[in-house]
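Colleague:
Printed below as a string of structure tokens:
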């Protein structure tokens, strides 16, 4: 094995580069992982690139957090993983040759930590900011019905399901999902699996509204072509129980206010680059709630894992349905250009290392 690897780095000027850096080092409670795939996140990755990710200032940064990899070497105290295991969420947790971690899974190799080994040793992970992340670094079982490229979707699935639990989605409630990107499609699909009542999805792209319908949305509207407020009033004269902003556009919050019912909730999951808003609640009911869930705790992602894998293994959740493009790692900059273009029909874009 070489002592260097290729990785994707964004510099302070927002430019992407493939660099050669040293292999990450692992300790007694960690394992070295050869990456198999990593999804491009329209939220975290793009905001780090554009310098709008909240409280992130360390550049140049190694990108990628929706990673899947194969264990190749283990520390002598590792007990939860062995060479050959397929695992979720390998990270780069220390700077490599002056390149900081933007989670780091767009690399040929990364690191996974064995939480049980750390607990047995009586000491915590070396980087406190990654301690909580170790809860979510999970083994994909050989019996799980998912391949390494599709498995990158599990990260998004777990994030969305854990957010839905935080938002306290309940059976039979009405739901409006604003935005039919990969995250909005997950909210739509999961809402039907969890037994919500009427699920409505909106997007300004007709191909995406069609995708939302295929994911189980009872109604899918393009607000540029439809009087959304009028249509929803016909369906729910008293308003909707919950509205999800799955995009991260602050104006959607104001739009949602006149759509919710008495004691309704606006659920903000999309991460806006604008860290402030001008709220006008004159159109809202007298009693209503707004809740932000934009950084699901990793332990909550871990707790969502069993449900996600049960759906996949039962065949009611198919990761491939959420993926539109797979690029080889050597073409990763082209892949990011595609994501930035926001072409109709683009869903999740995944990088493959095989």
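Residue numbers (this note's numbering): 10 to 363.
From the three backbone atoms N, C-alpha and C, an ideal C-beta is built for every residue, glycine too.
DSSP three-state call for residue 271: helix, strand or coil?
Modeller: When secondary structure is reduced to three states using DSSP, residue 271 falls in the strand class.
Colleague: Can you tell me whether residue 318 is helix, strand or coil according to DSSP?
Modeller: Under the three-state reduction of DSSP, residue 318 is assigned to helix.
Colleague: Please state the DSSP three-state secondary structure of residue 266.
Modeller: In this structure, residue 266 counts as helix in the three-state DSSP scheme.
Colleague: Please report how far the alpha carbon of residue 298 lies from the alpha carbon of residue 270, in whole angstroms.
Modeller: 10 Å
Colleague: For residue 304, name the three-state secondary structure that DSSP assigns.
Modeller: coil
Colleague: Tell me the residue span of the alpha helix (DSSP H) that contains residue 291.
Modeller: Looking at the DSSP string, residue 291 is not in any alpha helix (DSSP H), and its letter there is neither H nor E.
Colleague: Could you pull the DSSP bridge partners for residue 299 from this structure?
Modeller: 275
Colleague: Output the distance between the C-alpha atoms of residue 349 and residue 358, rounded to the nearest integer angstrom.
Modeller: 11 Å
Colleague: Please name the residue in 105, 109, 97 whose C-alpha comes closest to that of residue 122.
Modeller: 97
Colleague: Give the secondary structure of residue 192 by DSSP, where H, G and I count as helix, E and B as strand, and everything else as coil.
Modeller: Three-state DSSP puts residue 192 in a helix.
Colleague: Spatial neighbours of residue 12 within its chain, please: CB distance less than 7 Å, with the 5 preceding and 5 following residues excluded, ordered by chain position.
Modeller: 31, 32
Colleague: Tell me the rounded alpha-carbon separation between residue 51 and residue 293.
Modeller: Cα to Cα, the separation comes out at about 30 Å.
Colleague: If we ignore side chains and look at the alpha-carbon of each, how far apart do residue 193 and residue 143 end up?
Modeller: 27 Å
Colleague: Spatial neighbours of residue 130 within its chain, please: CB distance less than 8 Å, with the 5 preceding and 5 following residues excluded, ordered by chain position.
Modeller: Non-local beta-carbon contacts of residue 130 in its own chain, meaning distances under 8 Å to residues more than five positions away in sequence, involve 37, 38, 86 in chain order.
Colleague: My parser needs the beta strand (DSSP E) runs of 3 or more residues fully inside the segment 127 to 177; what are they?
Modeller: none
Colleague: At the 9 Å Cβ level, is residue 91 part of the contact set with chain B, yes or no?
Modeller: Although the question refers to chain B, the structure presented lacks it and comprises just one protein chain.
Colleague: DSSP on residue 58, reduced to helix/strand/coil?
Modeller: helix
Colleague: Under the three-state reduction of DSSP, which class applies to residue 110: helix, strand or coil?
Modeller: strand
Colleague: Could you round the C-beta distance between residue 118 and residue 70 to whole angstroms and report it? I think they count as a contact, below 8 Å.
Modeller: The pair is not a contact, with the Cβ atoms about 17 Å apart (cut-off 8 Å).
Colleague: For residue 279, collect the residues of the same chain with a Cβ closer than 6 Å to its Cβ; drop the 5 residues on either side in sequence, then sort them by chain order.
Modeller: 254, 255, 256, 257
Colleague: From what residue to what residue does the beta strand (DSSP E) around residue 335 run?
Modeller: 332 to 337
Colleague: According to DSSP, which residues form a beta bridge with residue 16?
Modeller: The partner list for residue 16 (beta bridge, DSSP) reads 28, 116.
Colleague: Let me know the secondary structure DSSP gives residue 199 once reduced to three states.
Modeller: The answer is helix: DSSP assigns residue 199 an H, G or I state.
Colleague: What residue from 242, 261, 238 has the CA that sits closest to residue 275's CA?
Modeller: 261
Colleague: Are the beta-carbon atoms belonging to residue 120 and residue 112 less than 9 Å from one another?
Modeller: Result no, Cβ atoms of residue 120 and residue 112 do not sit closer than 9 Å.
Colleague: By a C-beta neighbour count over all protein chains shown, 10 Å radius and 16 as the cutoff for buried, is residue 167 buried or exposed?
Modeller: buried
Colleague: For residue 250 and residue 196, I'd like the C-alpha separation in whole angstroms.
Modeller: 15 Å
Colleague: How big is the Cα-Cα spacing for residue 75 and residue 289?
Modeller: 36 Å
Colleague: Since residue 230 is in the alpha helix (DSSP H), which residue starts that stretch and which ends it?
Modeller: Looking at the DSSP string, residue 230 is not in any alpha helix (DSSP H); the run it does join, the beta strand (DSSP E), is 228 to 230.
Colleague: Check residue 345 in the structure and name its three-state DSSP category.
Modeller: helix
Colleague: Round the Cβ separation of residue 24 and residue 68 to the nearest angstrom and send it over; I've been treating them as touching at under 8 Å.
Modeller: About 10 Å separates the beta carbon of residue 24 from that of residue 68, a gap too long to meet the 8 Å contact definition.
Colleague: Compare the beta carbon distance of residue 35 and residue 77 with 9 Å and say whether it is the shorter of the two.
Modeller: no
Colleague: Answer yes or no: do residue 281 and residue 259 have a C-beta to C-beta separation smaller than 9 Å?
Modeller: yes
Colleague: If you reduce the DSSP assignment to three classes, tell me which class residue 250 lands in.
Modeller: For residue 250, the secondary structure class from DSSP, reduced to helix, strand or coil, is strand.
Colleague: Short of 8 Å in beta carbon distance, which residues of its chain neighbour residue 147, apart from the five on each side in sequence? Order them along the chain.
Modeller: 96, 97, 98, 311, 314
Colleague: When the distance is taken between beta carbons, is residue 296 closer than 9 Å to residue 272?
Modeller: yes
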